[in-house]
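Visitor: Mind looking over this structure? Questions follow.
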Amino acid sequence: MAMADMGIFANHSFPDYWKSAVAGAKPAWLVVDGNWSPKDVRAWIDAGREQGCKVAFEPVSTAKSIGLFPKEHPHLGVFPSPGIDIASPNNFELNAMYSAAKENGFFDTPEWFEVIDAFNMRGARDRFVALTSKEMTDAGIPVQTVHLLPYIPTLVTKLGSKGVLLTTILGKNDPRLKDRKEEKWLLTRGYVDHPTVGGVYMRLFPPAEKVALDEIVSVNGVGDTFLGVLIAGLSKGGKVEDLIDVAQKAAVMTLKSHESVSPDLERLDGALKASVRS
């Protein structure tokens, strides 16, 4: 039997050392884990931003996901200078993050509203249904992702057997705005004269594999595996939409493994490299 005391994260804070460590490592990406206290989550974000890192947030659980939006720390950067670049919640964590942001005033700031207004969203429900499903739309999943976009411009929401929903802000000059192959996933186009927002891209990816209940060994580490492979690809210059399938395959391998991360992930090395090149 083994136990992990995650209180170690919440009760031991060394922000000056963290800044020094990030400065020394100079990573392209920094992944911030939700096990840290809200104050320390913010300290890690600041450390990454000071060094010009891209920052990802791993929510960990519904209870810990809300640490990104605490009442005592209401200021978090918004697009085009957000505190977080990408997060990968499941649908329950997404709902918790949305509720915390709403209850703690993050949707009441003029900076947030300016970005939301720039999306130029009118009558979005029909588009939500078309891009996802009536069931997901009724559950509030698409609208919750859009509300969080100013703070987290790329949300990769894990939906279990329903796949993965990618919701992301497109910058003014994003090539997907002019790509006919990508046009079907454009939720909205921003105002022509807006300086930074080009539109919102929403794409539902089907599950990489249907997993039977008797094949599931453990859910521990599945989310970590998914985000880890995603960040590995992004750090090599890959695009999120090209990496989701291989990240899902990696998560399935861990789902079928007794280990917290499947030891067979190296078998996906070729697929990961191909996804980065595509």
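The letter at position 37 of the sequence shown is residue 37 when you use UniProt numbering, and the numbering goes up by one with no holes. For each residue, glycine too, the CB sits at the ideal point set by N, CA and C.
(1) Assuming Thr-196 and Gly-171 form a contact by the criterion Cβ under 8 Å, report the distance between their Cβ atoms to the nearest whole angstrom.
(2) Taking the straight line between their C-alpha atoms, what separation do you get for Gly-270 and Arg-277?
(3) Check whether the Cβ atoms of Leu-94 and Ile-141 sit closer than 8 Å, and answer yes or no.
(4) What distance in whole Å lies between the Cβ atoms of Ser-275 and Gly-233, which are believed to be in contact at a cut-off of 8 Å?
(5) Hey, could you find the ends of the alpha helix (DSSP H) Arg-180 is sitting in?
(6) To the nearest angstrom, report how far apart Trp-29 and Ala-100 are at their CA atoms.
(7) Smallest Cα separation from Lys-273: which of Tyr-151, Ala-247, Met-253?
(8) Opposite Lys-54 in the DSSP bridges: which residues?
(9) In angstroms, rounded to a whole number, what distance separates the CA positions of Gly-160 and Gly-105?
(10) Helix, strand or coil for Tyr-98 per DSSP?
(11) In angstroms, rounded to a whole number, what distance separates the CA positions of Asp-214 and Asp-117?
(12) Using only the alpha-carbon positions, how far apart do Trp-112 and Glu-58 sit?
(13) With 16 other CB atoms within 10 Å as the buried threshold, where does Asp-138 fall?
(14) Kindly indicate which residue of Ala-124, Gly-83, Val-78 has the alpha-carbon position closest to the one of Glu-114.
(15) Short of 8 Å in beta carbon distance, which residues of its chain neighbour Arg-125, apart from the five on each side in sequence? Order them along the chain.
(16) For Ala-251, name the three-state secondary structure that DSSP assigns.
Guide: Taking the geometry as given:
(1) Taking the first residue of the sequence shown as 1, we reach residue 196 at position 196. Taking the first residue of the sequence shown as 1, we reach residue 171 at position 171. The pair is a contact, with the Cβ atoms about 6 Å apart (cut-off 8 Å).
(2) In the sequence shown, counting from the first residue as 1, residue 270 sits at position 270. In the sequence shown, counting from the first residue as 1, residue 277 sits at position 277. Taking the straight line joining both Cα atoms gives about 11 Å.
(3) Looking up residue 94 in the sequence shown gives position 94. Looking up residue 141 in the sequence shown gives position 141. Yes, these two residues count as a Cβ contact at 8 Å.
(4) By 1-based counting over the sequence shown, the position of residue 233 is 233. By 1-based counting over the sequence shown, the position of residue 275 is 275. 6 Å between Cβ atoms; contact.
(5) The count along the sequence shown starts at 1 and reaches residue 180 at position 180. First-last for Arg-180: undefined, no H or E at that position.
(6) Residue numbering aside, residue 29 sits at position 29 when the sequence shown is read from its first letter. Residue numbering aside, residue 100 sits at position 100 when the sequence shown is read from its first letter. Distance between the alpha carbons of Trp-29 and Ala-100: 26 Å.
(7) By 1-based counting over the sequence shown, the position of residue 273 is 273. Checked all of Tyr-151, Ala-247, Met-253; the closest Cα to Lys-273 is Ala-247.
(8) Stepping through the sequence shown from its first residue, residue 54 is reached at position 54. Per DSSP, Trp-29.
(9) By one-based count along the sequence shown, residue 160 stands at place 160. By one-based count along the sequence shown, residue 105 stands at place 105. Spanning the two alpha carbons is a distance of roughly 30 Å.
(10) Counting from 1 along the sequence shown, the entry for residue 98 is found at position 98. Correct three-state label for Tyr-98: helix.
(11) Taking the sequence shown and counting its residues from 1, one reaches residue 214 at position 214. Taking the sequence shown and counting its residues from 1, one reaches residue 117 at position 117. Their backbone Cα atoms lie some 47 Å apart in a straight line.
(12) Translated into the one-based positions of the sequence shown, residue 112 becomes position 112. Translated into the one-based positions of the sequence shown, residue 58 becomes position 58. Approximately 22 Å between the Cα atoms of the pair.
(13) Along the sequence shown, one-based indexing puts residue 138 at 138. With fewer than 16 Cβ atoms within 10 Å of its Cβ, Asp-138 is classed as exposed.
(14) Sequence index remark: in the sequence shown, residue 114 carries index 114 (1-based). Nearest C-alpha to Glu-114: Val-78.
(15) Sequence index remark: in the sequence shown, residue 125 carries index 125 (1-based). Hits under 8 Å: Thr-137.
(16) Counting from one through the sequence shown, the residue named residue 251 turns up at place 251. In the structure shown, Ala-251 sits in a helix (DSSP, three-state: H, G or I).
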